[in-house]
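Per the working numbering, residue 50 is the first one in the sequence shown, and the count goes up by one each step. First the structure, in the form of structure tokens, and then the observations on it.
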Amino acid sequence: MIPGHFEHHAPSTVDEAIKLLSEKEDAKILAGGHSLLPMMKLRFAEPMHLIDINGVSELKGIREEGGKIYIGAMTTENELIASELLNQKCPLVPEVARLIADPQVRNCGTVGGDVVHGDPGNDHPSTMMA
């Protein structure tokens with residue numbers, strides 16, 4: 050099936066994304082798309098606006114600052130696996146990421162998408178609490 054009509058928005062900053070979310074009724078955020086796009090194709094979800102945050106660079110990456118590790122919401126599963134920082138200091142995170150789905154999903158699926166999707170079977174919320 051083909052998704053219904055929607056407007057595509059591509060902000061380049063978090064502030065732009067927040068502004069779009071507050072201005073556009075019935076908007077959904079598009080990150081990796083592994084949950085939202087199949088639902089749109091089946092018309093289980095029919096947002097009028099898609100806010101594509103793939104171009105928001107401040108949401109990407111893994112860094113250590115002040116003794117804490119920060120993982121951006123747009124960081125992919127494969128980036129977790131490849132991170133030297135995580136493999137050295139927090140190996141449980143890349144270990145769990147290796148078990149998620151298949152390589153195609155790990156290339157596109159994001160940490161933020163895993164967390165906000167709200168599926169009780171998602172791995173990252175409990176892993177990051179450990």
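Glycine is no exception: its CB is placed at the ideal position from the N, C-alpha and C atoms.
**Prompt:** How many whole angstroms separate the CB atoms of T159 and V105, which I take to be in contact at a CB cut-off of 8 Å?
**Reply:** In the sequence shown, residue 159 corresponds to position 110, counting from 1. In the sequence shown, residue 105 corresponds to position 56, counting from 1. The Cβ separation is near 11 Å, so there is no contact.
**Asked** If you draw a straight line from the alpha carbon of K109 to that of I102, how long is it in whole angstroms?
**Response** Your numbering for residue 109 matches position 60 in the sequence shown. Your numbering for residue 102 matches position 53 in the sequence shown. Their backbone Cα atoms lie some 10 Å apart in a straight line.
**Message:** Which residues does DSSP list as the beta-bridge partners of D101?
**Reply:** Looking up residue 101 in the sequence shown gives position 52. Answer by DSSP bridge pairing, in chain order: L79.
**Collapsed DSSP secondary structure at I111 in the structure displayed** = Your numbering for residue 111 matches position 62 in the sequence shown. Strand.
**Prompt:** Residues in its own chain within less than 8 Å of K77 by CB, not counting five upstream and five downstream?
**Reply:** On the sequence shown, residue 77 is found 28 positions in, with the first residue counted as 1. Cβ neighbours of K77 beyond the five flanking positions: L85, A94, P96, H98, L99 and I100.
**Request:** Please list, in chain order, all residues of the same chain as I51 whose beta carbon is under 8 Å from its beta carbon, the five residues on each side excluded.
**Result:** If you number the sequence shown from 1, residue 51 lands on position 2. Correct list, in chain order: K90.
**Prompt:** According to the neighbour-count rule (16 or more other Cβ atoms, all chains shown, within 10 Å of its Cβ), is D75 buried or exposed?
**Reply:** The residue given as residue 75 occupies position 26 in the sequence shown. Exposed is the call here.
**Alpha-carbon to alpha-carbon, P169 and I118** = What you label residue 118 is simply residue 69 of the sequence shown in a count that begins at 1. What you label residue 169 is simply residue 120 of the sequence shown in a count that begins at 1. Rounded to whole angstroms, the separation of the alpha carbons of P169 and I118 is 24 Å.
**Request:** Below 8 Å on the Cβ atoms is my guess for D172 versus D163; work out the distance and round it to an integer in Å.
**Result:** Stepping through the sequence shown from its first residue, residue 172 is reached at position 123. Stepping through the sequence shown from its first residue, residue 163 is reached at position 114. Contact between D172 and D163 holds, since their C-beta atoms are separated by about 7 Å, short of 8 Å.
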